[in-house]
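Asker: Take 1 as the starting number for the sequence shown in the numbering used here and just add one per residue.
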Amino acid sequence: MDHEFWHERWKERNIGFHQSEINSELKTHFPKLSPNSKVLVPLCGKSKDMLWLKEQHFNVTGIELSQDAVEEFFKDNNLNFNKLDQVYTTEGITLHAGDLFKHQESDYDAIYDRASMVALPPEMRADYSKHLLSCLKENGQILLIAFEYAQEKVPGPPFSVPEDEIKNHYSKSCDIVLLAQKSEKPKAPKFVEAGVEVFKRKTYLITKRPSSEA
Ligand SMILES: C[S@@+](CC[C@H](N)C(=O)[O-])C[C@H]1O[C@@H](n2cnc3c(N)ncnc32)[C@H](O)[C@@H]1O
1 MDHEFWHERW KERNIGFHQS EINSELKTHF PKLSPNSKVL VPLCGKSKDM
51 LWLKEQHFNV TGIELSQDAV EEFFKDNNLN FNKLDQVYTT EGITLHAGDL
101 FKHQESDYDA IYDRASMVAL PPEMRADYSK HLLSCLKENG QILLIAFEYA
151 QEKVPGPPFS VPEDEIKNHY SKSCDIVLLA QKSEKPKAPK FVEAGVEVFK
201 RKTYLITKRP SSEA
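1) Look at the Cβ atom of residue 44, then the Cβ atom of residue 16, and state whether they are nearer than 7 Å.
2) Straight-line CA distance for residue 100 to residue 135?
3) In whole angstroms, what separates the C-alpha of residue 90 from that of residue 144?
4) Buried or exposed: residue 196, going by 16 or more other Cβ atoms within 10 Å of its Cβ?
5) With a threshold of 6 Å, establish whether the CB of residue 62 neighbours any heavy atom of ligand 1.
6) Apart from the five residues just before and just after residue 29, which ones in its own chain have a Cβ nearer than 8 Å to its Cβ?
7) Would you say the stretch 37-55 touches the stretch 105-112, given that touching needs at least three Cβ pairs under 8 Å?
8) Which runs of the alpha helix (DSSP H) fall wholly inside the stretch 95-165 and span at least 4 residues, in chain order?
9) Would you be able to state if there are at least three C-beta pairs under 8 Å between the stretch 158-168 and the stretch 114-123?
10) Rounded to whole angstroms, what is the Cα-Cα separation between residue 175 and residue 137?
11) Please name the residue or residues paired with residue 206 in a DSSP beta bridge.
12) Mapping the DSSP letters down to three states, classify residue 56 as helix, strand or coil.
13) Measuring CB to CB, does residue 200 end up less than 7 Å from residue 148?
14) Could you tell me which of 123, 187, 158 and 108 sits nearest to residue 207, measuring between CA atoms?
15) Report the three-state DSSP secondary structure of residue 211 (helix, strand or coil).
16) Is DSSP giving residue 38 helix, strand or coil here?
17) Which residues in the same chain have their Cβ closer than 7 Å to the Cβ of residue 64, if we skip the five residues on either side of it in sequence?
18) Enumerate in chain order the residues of its own chain whose CB-to-CB distance from residue 184 is below 6 Å, with the five nearest sequence positions on each side excluded.
19) Quick one: Cα of residue 48 to Cα of residue 76, how far?
20) For residue 132, which residues from the same chain have a beta carbon less than 7 Å from its beta carbon, with the 5 sequence-adjacent residues on both sides left out?
21) Where does the unbroken alpha helix (DSSP H) through residue 43 begin, and where does it stop?
22) Hey, residue 154 and residue 194: beta-carbon distance below 7 Å or not?
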């Protein structure tokens, strides 16, 4: 998935991944952090989940390739913003219009990954998880919502990212807890037409161990 693929998706309004409601797993499972904790939302699109995180008094940073998506976030939610280069700020939320892999801050208390790891093809996911860990403080946590389905029936994105793969990426330096899983019949035509029978959503809490314990 190169950058052009995502720019085209935004240009063509092919954004079925965008949710009009706040994600229920986020509301149930996001760690209880102290006010002003720094939360990273990688590959954030124009997710309204960032508004909920801000309402919890966290300092939210979203990274999104598409400048259109970033500007739509502020427009859709009637938020004023300041813009300096490719960085957009409003109270409690900073959005960077650019490539996650170039984002170098390393002091995040938590990361929220919904439809982000699963947006990337297999060959990018090891670098992606490594990069997320480089952004996260020791004892920091990732709330990850991943999907599983019969990948051989239909190509991603979203990709199926099974539990074993998540363990491969994160278990060396993190503790991983599966918090919730839901199985449903897929509704999106892409999956129905391909004959995918079960679509699973799994929610994990991934906690980075101090480096002396890695
Ligand atoms: C499937 S969407 C998910 C968006 C969001 N997480 C949500 O829940 O609505 C993936 C997003 O990642 C963005 N993206 C893809 N590669 C990226 C990269 N390297 N850096 C930053 N954003 C990227 C795309 O433009 C797209 O908006």
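Using N, Cα and C, we set each Cβ at its ideal position, and we do this for glycine too.
Answerer: Short version:
1) Taking the first residue of the sequence shown as position 1, residue 44 is located at position 44. Taking the first residue of the sequence shown as position 1, residue 16 is located at position 16. It is not a contact, given that the beta carbons lie outside the stated cut-off.
2) Within the sequence shown, the letter at position 100 stands for residue 100. Within the sequence shown, the letter at position 135 stands for residue 135. So the alpha carbons of these two residues sit roughly 10 Å apart.
3) Here residue 90 corresponds to residue number 90 of the sequence shown, with the count starting at 1. Here residue 144 corresponds to residue number 144 of the sequence shown, with the count starting at 1. Answer to the nearest angstrom: the Cα atoms are 25 Å apart.
4) For this step, residue 196 is matched to residue 196 along the sequence shown. When all chains shown are included, residue 196 counts as buried.
5) Stepping through the sequence shown from its first residue, residue 62 is reached at position 62. Checking every heavy atom of ligand 1 against the Cβ of residue 62, none is found closer than 6 Å.
6) By 1-based counting over the sequence shown, the position of residue 29 is 29. So the qualifying residues of the chain are 143, 179, 180, 203 and 205.
7) The stretch 37-55 is in contact with the stretch 105-112.
8) Counting whole runs of 4 or more residues, the stretch 95-165 contains the alpha helix (DSSP H) stretches 122-135.
9) The answer is yes - the stretch 158-168 touches the stretch 114-123, with three or more Cβ pairs under 8 Å.
10) Here residue 175 refers to the residue found at position 175 when the sequence shown is read from its first residue. Here residue 137 refers to the residue found at position 137 when the sequence shown is read from its first residue. Between residue 175 and residue 137, the C-alpha separation is close to 14 Å.
11) Here residue 206 refers to the residue found at position 206 of the sequence shown. DSSP, once it has assigned bridges, lists 142 and 176 as partnering residue 206.
12) In the sequence shown, counting from the first residue as 1, residue 56 sits at position 56. Residue 56 carries a coil assignment under DSSP once its states are collapsed to helix, strand and coil.
13) The sequence position of residue 200 within the sequence shown is 200, counting from 1. The sequence position of residue 148 within the sequence shown is 148, counting from 1. Residue 148 is positioned such that its CB atom lies closer than 7 Å to that of residue 200.
14) For this step, residue 207 is matched to residue 207 along the sequence shown. Taking only the C-alpha atoms, the option nearest residue 207 is 108.
15) Your numbering for residue 211 matches position 211 in the sequence shown. Looking at residue 211 - three-state DSSP - the assignment turns out to be helix.
16) Here residue 38 refers to the residue found at position 38 when the sequence shown is read from its first residue. DSSP places residue 38 in strand when its eight states are reduced to three.
17) Here the question's residue 64 lines up with position 64 in the sequence shown. 43, 44, 45, 70, 95 and 97.
18) The residue labelled residue 184 in the question sits at position 184 within the sequence shown. For residue 184, where only same-chain residues beyond five positions count, the Cβ hits under 6 Å are 199.
19) Translated into the one-based positions of the sequence shown, residue 48 becomes position 48. Translated into the one-based positions of the sequence shown, residue 76 becomes position 76. Taking the straight line from one Cα to the other gives about 9 Å.
20) Translated into positions along the sequence shown, residue 132 becomes position 132. The beta carbon of residue 132 is closer than 7 Å to those of 42, 111 and 142 in its chain, skipping five residues each way along the sequence.
21) In the sequence shown, counting from the first residue as 1, residue 43 sits at position 43. That residue, residue 43, is in no alpha helix (DSSP H); it is neither H nor E in DSSP.
22) As a working mapping, residue 154 is identified with position 154 in the sequence shown. As a working mapping, residue 194 is identified with position 194 in the sequence shown. In contact: residue 154 and residue 194 (Cβ atoms closer than 7 Å).
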